[in-house]
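Participant: One structure is given below, represented as structure tokens, and several questions about it will come after.
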Amino acid sequence: MEKKTIPNRWTGIILIWTGIILIALGLLGIWLIYQENWHQKDLESDSQTEKQIIDAESSSDPLCPDEHHPHFIDLGLPSGTRWACCNIGATKPEESGSHFAWGETEEKRSFDMDNYAYYSENRRTIDSEIAGTQYDVAFVQWGGQWRMPTLDQIKELVEECKWTWTNRNGKNGILLTGPNEECLFLPAAGYCWGEKKGNEVEGSGGYYWSSTMVLDEDLNSFYIFFSADDLDWNYFDRFLGLSVRPVCP
Ligand SMILES: [Zn+2]
21 MEKKTIPNRW TGIILIWTGI ILIALGLLGI WLIYQENWHQ KDLESDSQTE KQIIDAESSS
81 DPLCPDEHHP HFIDLGLPSG TRWACCNIGA TKPEESGSHF AWGETEEKRS FDMDNYAYYS
141 ENRRTIDSEI AGTQYDVAFV QWGGQWRMPT LDQIKELVEE CKWTWTNRNG KNGILLTGPN
201 EECLFLPAAG YCWGEKKGNE VEGSGGYYWS STMVLDEDLN SFYIFFSADD LDWNYFDRFL
261 GLSVRPVCP
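Each residue of the sequence shown is one higher than the one before, counting from 21 in the working numbering.
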């Protein structure tokens, strides 16, 4: 009987140890899997951080050779038109700058039909093409070769450039890339209807006047507009306050 009890006790001890080792191996396995997943998550968040840094860097790439704006930007367009690097009233490319009613050359606090200078039943109180005239805010304020863009020039910009919605130094807008890979940034400066504080769409859309009036409409002129998912041209009421991005024809 004694001989049998001793091996039974050893068998018990061996079973217990085997159990302990198996549990330990199991825990080790779980720990290793956990570590692997954790490491992968770390890698993912590292690459996200890297992407954010790249985005931030590309959005602060200098578009201009120096701080003395405005510059001419040659996008390699077929017409040879060069666009200004910033809006009228802005001191750098991402700044919104001023808003103007079509054909007016002074900034206003409020934009409506009653205070629009050129509203008349007879629209001949103002030329239908104002580039280079006394009604051209780019010509009046900046002088030299600067003009408001014509309808043909804004059509060319829409048709010839690739564009991406982007954020530049904290300002939403679009980056247009011309046929020669040069870039132009237009901030989403919104538009004004009524009091200027009611500029509700700033940051979500950009609205820029052309110098060309719609001939079969009494109170509209052509403009270029964009949002996060659209870039196109159309016409808009002339009394509204829009941005102006001058060109050098
Ligand atoms: Zn510039």
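Glycine included, every Cβ here is placed at the ideal spot set by N, Cα and C. Since the model is a prediction, treat every value here as computed from it, not as a measurement.
1) Would you check if the stretch 204-215 and the stretch 122-138 touch, i.e. whether three or more CB-CB distances between them fall below 8 Å?
2) If we ignore side chains and look at the alpha-carbon of each, how far apart do Tyr274 and Glu126 end up?
3) Hey, quick one: how far does the beta strand (DSSP E) through Phe120 stretch, first residue to last?
4) Determine the direct distance from the alpha carbon of Leu47 to that of Gly193, and round the result to whole angstroms.
5) So, helix, strand or coil for Pro182, using DSSP?
6) With Ser118 and Gly109 assumed to form a contact (beta carbons below 8 Å), what rounded beta-carbon distance in angstroms separates them?
7) Using a Cβ-based criterion (distance less than 6 Å to any ligand heavy atom), does His119 qualify as near ligand 3?
8) Looking at ligand 1, does it come within less than 6 Å of Cys268, judged from the CB to the closest heavy atom?
9) Enumerate, from N- to C-terminal direction, the unbroken beta strand (DSSP E) stretches of 3 or more residues contained entirely within the stretch 150-226.
10) Nearer than 6 Å: is that true of the beta carbon of Cys181 relative to any heavy atom of ligand 1?
11) Counting beta carbon pairs with one atom in the stretch 196-207 and one in the stretch 87-104, are three or more of them shorter than 8 Å?
12) Does ligand 1 have even one heavy atom less than 6 Å from the beta-carbon of Cys84?
13) Flag this pair as touching only if the stretch 256-266 and the stretch 157-172 have three or more C-beta atom pairs under 8 Å; answer yes or no.
14) Between Trp166 and chain C, is any beta-carbon pair separated by less than 7 Å?
15) Measure the alpha-carbon distance for His91 versus Asp236 and round it to whole angstroms.
Facilitator: According to the structure data:
1) yes
2) Lying outside 21 to 269, the shown extent of the chain, residue 274 is not represented and no answer is given.
3) For the purposes of this step, residue 120 is identified with residue 100 of the sequence shown, where counting begins at 1. No beta strand (DSSP E) contains Phe120, which DSSP labels as neither H nor E.
4) Here the question's residue 193 lines up with position 173 in the sequence shown. Here the question's residue 47 lines up with position 27 in the sequence shown. Rounded to whole angstroms, Gly193 to Leu47 spans 53 Å at the Cα level.
5) Residue numbering aside, residue 182 sits at position 162 when the sequence shown is read from its first letter. Sequence inspection shows Lys at residue 182; the Pro mentioned does not correspond to that position. Three-state DSSP puts Lys182 in a strand.
6) In the sequence shown, residue 118 corresponds to position 98, counting from 1. In the sequence shown, residue 109 corresponds to position 89, counting from 1. At roughly 3 Å, the Cβ-Cβ gap stays under 8 Å, so Ser118 and Gly109 are in contact.
7) Ligand 3 is not part of this structure, which contains only ligand 1.
8) If you number the sequence shown from 1, residue 268 lands on position 248. Incorrect: Cys268 has no Cβ contact closer than 6 Å to ligand 1.
9) 182-188, 191-197 and 203-207
10) As a working mapping, residue 181 is identified with position 161 in the sequence shown. Cys181 Cβ: outside cutoff for every heavy atom of ligand 1.
11) yes
12) Within the sequence shown, residue 84 is the residue found at index 64, counting from 1. Cys84 Cβ: within cutoff of ligand 1.
13) yes
14) Here there is only one protein chain, and chain C is not present.
15) To locate residue 91, count along the sequence shown from 1; it is residue 71. To locate residue 236, count along the sequence shown from 1; it is residue 216. Those two C-alpha atoms are separated by around 35 Å.
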